[in-house]
Amino acid sequence: MSKLTHKNVHNYFKLNSFHLNADELRRVAYDYIKEGDSNEQAIGEFLLDWFDDKNYIEMKTSGTTGLPKLVRLEKQAMIQSALGTGDFFELEPGNKALLCLPVQFIAGKMMLVRAIILGLELDIVPPSTQPLALNTKVYDFVAMVPLQVQNSIEALKNVKKIIVGGAKMDTALEEKVLPLIKTEVYETYGMTETITHIAARKVGENVFTVLPNAKISQDDRGCLVINVATISDEPIVTNDLVEIIRENQFIFLGRIDNVVNSGGVKLIPEQIEAKLIGKINTRFFVTGVPDTALGEKLILVVEGEKQEFTPEFFDGLGKYEKPKEIVFVPKFKENKNGKLLRKPSLV
């Protein structure tokens, strides 16, 4: 069997119910660019980039591992990523998939690549916070961001497998999707540099399992280091604190950027927040602010109107985990994916 290239289109591939080969996809791309809305134009531009003679595409990173930058992603590596996802989630030719993410970002691009390479029947809807609002079709595979999942709980019964990325799923959202007996929900871990996800965690469990093409380790900070030979000769060093369970599994602890050093005690906000889930009925987070005595002091930031918290409220927290101050903010700031922006929300 000859090696798959970016010029290959699987015989089972469909776009919006139509079988299309590479030439036909190019014609669709031109139509999207000429007559489509901004999302369709982005799809058209990506399809033309995908089928051109270059062996790479260029795009900006999300800034997960540092400042946003322009990177080249090898098309062959994107194909290997698609095949790895297909194996991990047991996707088969003819499976029905939905693209409801913007194609300007890697997650949206990879839904197109997976469909073309794996032979999925892909439908496209405009990116929105409620992508399944008008849907009655049953899909085998859908990728969403947490905000889309939050607004689609009832409609998820029409999805067999859903992967969630772009921002971390909080415990409150997990509790809403756990009763969905017929829907398998996975939180994914990845970034632009790793060509979308390299690991996934089934909701209800706390361990991420790494896809077959990736290897993991830790640096001296305790942060995750990712090696994917098909993507980069150099390891990808993250700022994510993890506990490695075995060679292909890890637990995400929190972002090292968020760690609060209070009087020499290092506190991981995400671990403290997990203990408070279900006790506060609005969104919240904990963070550190400058303090003359401690260097940094831990504070609790709550969205919405002022509430009263008794000292007993924090009994489930460790001695150093109890916030020194409670701050109320009318509305938290978010990025386009609905990811909470901690520091900007305090300004």
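Add 695 to the 1-based position in the sequence shown for the working numbering, that's all there is to it. Glycine included, C-beta positions come from ideal geometry on N, C-alpha and C.
The beta strand (DSSP E) with lysine 804 in it runs from where to where?
Stepping through the sequence shown from its first residue, residue 804 is reached at position 109. Lysine 804 -> not in any beta strand (DSSP E); alpha helix (DSSP H) instead, spanning 801-813.
What are the start and end residues of each continuous alpha helix (DSSP H) run of 4 or more residues lying completely inside the stretch 807-887, in chain order?
841-845 and 866-872
Pair within 8 Å by beta-carbon distance, leucine 906 and glycine 781
What you label residue 906 is simply residue 211 of the sequence shown in a count that begins at 1. What you label residue 781 is simply residue 86 of the sequence shown in a count that begins at 1. In this structure, leucine 906 lies away from glycine 781, with their beta-carbon atoms at least 8 Å apart.
Could you tell me whether the Cβ atoms of tyrosine 725 and alanine 792 are closer together than 8 Å?
Position 30 of the sequence shown, counted from the start, is the residue given in the question as residue 725. Position 97 of the sequence shown, counted from the start, is the residue given in the question as residue 792. Taking C-beta atoms as the reference points, tyrosine 725 and alanine 792 fail to come closer than 8 Å.
Taking the alpha-carbon positions, what's the glutamate 719 to lysine 804 distance?
By one-based count along the sequence shown, residue 719 stands at place 24. By one-based count along the sequence shown, residue 804 stands at place 109. So the two alpha carbons sit approximately 18 Å from each other.
Can you give me the Cβ contacts of valine 704 inside the same chain, cut-off strictly under 6 Å, excluding the 5 residues immediately before and after it?
Here residue 704 is taken as the residue at index 9 of the sequence shown, counted from 1. The residues are Asn716, Ala717 and Ile811.
Cβ contact check for the stretch 735-743 and the stretch 853-863: 3 or more pairs under 8 Å:
no
For valine 844, collect the residues of the same chain with a Cβ closer than 8 Å to its Cβ; drop the 5 residues on either side in sequence, then sort them by chain order.
Numbered from 1 along the sequence shown, position 149 holds the residue referred to as residue 844. Excluding positions up to five away in sequence, the list reads Leu851, Ile857, Val859, Met864, Leu868, Val872 and Val880.
Status (buried if at least 16 other CB within 10 Å, exposed otherwise) for aspartate 747:
As a position in the sequence shown, residue 747 is number 52, starting the count at 1. Under this definition aspartate 747 is an exposed residue.
I think proline 1018 touches leucine 1035, with their Cβ atoms under 8 Å apart; what is that distance to the nearest whole Å?
Indexing the sequence shown from 1 puts residue 1018 at position 323. Indexing the sequence shown from 1 puts residue 1035 at position 340. 17 Å between Cβ atoms; not a contact.
What first and last residue would you give for the alpha helix (DSSP H) that runs through glycine 789?
Position 94 of the sequence shown, counted from the start, is the residue given in the question as residue 789. No alpha helix (DSSP H) holds glycine 789; DSSP gives it neither H nor E.
Reduced DSSP category for asparagine 934 - H, G, I as helix; E, B as strand; rest coil:
By 1-based counting over the sequence shown, the position of residue 934 is 239. Strand, per DSSP.
Where do the N-terminal and C-terminal ends of the alpha helix (DSSP H) with aspartate 952 fall, by residue?
Along the sequence shown, read from residue 1 onward, the residue named residue 952 stands at position 257. First-last for aspartate 952: undefined, no H or E at that position.
Look at the Cβ atom of lysine 1001, then the Cβ atom of serine 957, and state whether they are nearer than 8 Å.
Locating residue 1001 in the sequence shown gives position 306, where the first residue counts as 1. Locating residue 957 in the sequence shown gives position 262, where the first residue counts as 1. Their beta carbons are not under 8 Å apart, which means lysine 1001 does not touch serine 957 by this criterion.
Boundaries of the beta strand (DSSP E) in which glutamate 1020 is found, first to last residue:
Reading the sequence shown from its first residue, position 325 is the one you call residue 1020. Looking at the DSSP string, the run of the beta strand (DSSP E) that includes glutamate 1020 is 1020-1024.
Using 8 Å as the cut-off, can you tell me whether the stretch 892-911 makes contact with the stretch 811-831, which would need three or more C-beta pairs spanning the two stretches below that distance?
no
Report the rounded CA-to-CA distance for threonine 700 versus glutamine 775, giving the unit in angstroms.
Here residue 700 is taken as the residue at index 5 of the sequence shown, counted from 1. Here residue 775 is taken as the residue at index 80 of the sequence shown, counted from 1. Their Cα atoms are separated by approximately 10 Å.
Could you check if serine 733 is buried or exposed, using at least 16 other CB atoms within 10 Å of its CB as the buried criterion?
Numbered from its first residue, the sequence shown carries residue 733 at position 38. Answer is exposed; the Cβ neighbour count stays below 16.
Rounded to whole angstroms, how far is the Cβ of valine 997 from the Cβ of isoleucine 972, which I believe are closer than 8 Å?
For the purposes of this step, residue 997 is identified with residue 302 of the sequence shown, where counting begins at 1. For the purposes of this step, residue 972 is identified with residue 277 of the sequence shown, where counting begins at 1. The Cβ separation is near 13 Å, so there is no contact.
Using DSSP with H/G/I as helix, E/B as strand and the rest coil, what is alanine 895?
Numbered from its first residue, the sequence shown carries residue 895 at position 200. If DSSP states are grouped into helix, strand and coil, alanine 895 belongs with the strands.
What number of angstroms, rounded off, separates the C-alpha of asparagine 901 from the C-alpha of glycine 949?
Taking the first residue of the sequence shown as 1, we reach residue 901 at position 206. Taking the first residue of the sequence shown as 1, we reach residue 949 at position 254. Rounded to the nearest angstrom, the two C-alpha atoms are 13 Å apart.
Grouping DSSP H, G and I as helix and E and B as strand, with all else coil, what is serine 712?
By one-based count along the sequence shown, residue 712 stands at place 17. Here serine 712 sits in coil by DSSP.
In the structure shown, what three-state DSSP assignment does aspartate 915 receive?
Looking up residue 915 in the sequence shown gives position 220. If DSSP states are grouped into helix, strand and coil, aspartate 915 belongs with coil.
By a C-beta neighbour count over all protein chains shown, 10 Å radius and 16 as the cutoff for buried, is proline 826 buried or exposed?
For the purposes of this step, residue 826 is taken as the residue at position 131 of the sequence shown. Classification for proline 826: buried.
Please determine, among Lys749, Glu849, Ala802 and Lys1038, the residue with the shortest C-alpha to C-alpha distance to threonine 889.
Here residue 889 refers to the residue found at position 194 when the sequence shown is read from its first residue. Out of Lys749, Glu849, Ala802 and Lys1038, Ala802 has the C-alpha closest to the C-alpha of threonine 889.
Would you tell me roughly how many angstroms separate the C-alpha atoms of glutamate 785 and asparagine 853, rounded to the nearest one?
Here residue 785 refers to the residue found at position 90 of the sequence shown. Here residue 853 refers to the residue found at position 158 of the sequence shown. Looking at the two C-alpha atoms, the distance is approximately 18 Å.
From valine 954 to lysine 877, what does the alpha carbon distance come to, in whole angstroms?
Numbered from 1 along the sequence shown, position 259 holds the residue referred to as residue 954. Numbered from 1 along the sequence shown, position 182 holds the residue referred to as residue 877. Here the alpha carbon of valine 954 sits roughly 38 Å from the alpha carbon of lysine 877.
Assign valine 920 to one of three DSSP states: helix, strand, or coil.
Mapped onto the sequence shown, residue 920 falls at position 225. Three-state DSSP puts valine 920 in a strand.
CA-to-CA distance, glutamine 913 to methionine 806, given in whole angstroms:
Taking the sequence shown and counting its residues from 1, the one referred to as residue 806 is at position 111. Taking the sequence shown and counting its residues from 1, the one referred to as residue 913 is at position 218. Roughly 29 Å between the two C-alpha positions.
Can you tell me which of the three DSSP states glutamate 998 falls into?
Residue 998 sits at position 303 when you count from the first residue of the sequence shown. Note: glutamate 998 maps to strand in three-state DSSP.
Among Tyr1015, Phe1023, Ala988 and Leu989, which residue has its Cα nearest to the Cα of phenylalanine 1004?
Numbered from 1 along the sequence shown, position 309 holds the residue referred to as residue 1004. Among Tyr1015, Phe1023, Ala988 and Leu989, the Cα nearest to that of phenylalanine 1004 is on Phe1023.
Hey, could you find the ends of the beta strand (DSSP E) isoleucine 752 is sitting in?
Taking the sequence shown and counting its residues from 1, one reaches residue 752 at position 57. From DSSP, the beta strand (DSSP E) with isoleucine 752 extends over 751-755.
May I ask you to list the residues that DSSP assigns as paired with aspartate 986?
Counted from its first residue, the sequence shown places residue 986 at position 291. For aspartate 986, which the question treats as bridged, DSSP gives the partners Gly990.
Beta-carbon spacing of glutamate 787, lysine 709 below 8 Å:
The residue you call residue 787 lines up with position 92 of the sequence shown. The residue you call residue 709 lines up with position 14 of the sequence shown. Not closer than 8 Å, so no.
Between the Cα of glycine 885 and those of Glu870, Thr904 and Pro874, spot the shortest distance and give me the residue it belongs to.
Counted from its first residue, the sequence shown places residue 885 at position 190. With distances taken between Cα atoms, glycine 885 lies closest to Thr904.
CA-to-CA distance, asparagine 706 to histidine 714, given in whole angstroms:
Along the sequence shown, read from residue 1 onward, the residue named residue 714 stands at position 19. Along the sequence shown, read from residue 1 onward, the residue named residue 706 stands at position 11. Spanning the two alpha carbons is a distance of roughly 8 Å.
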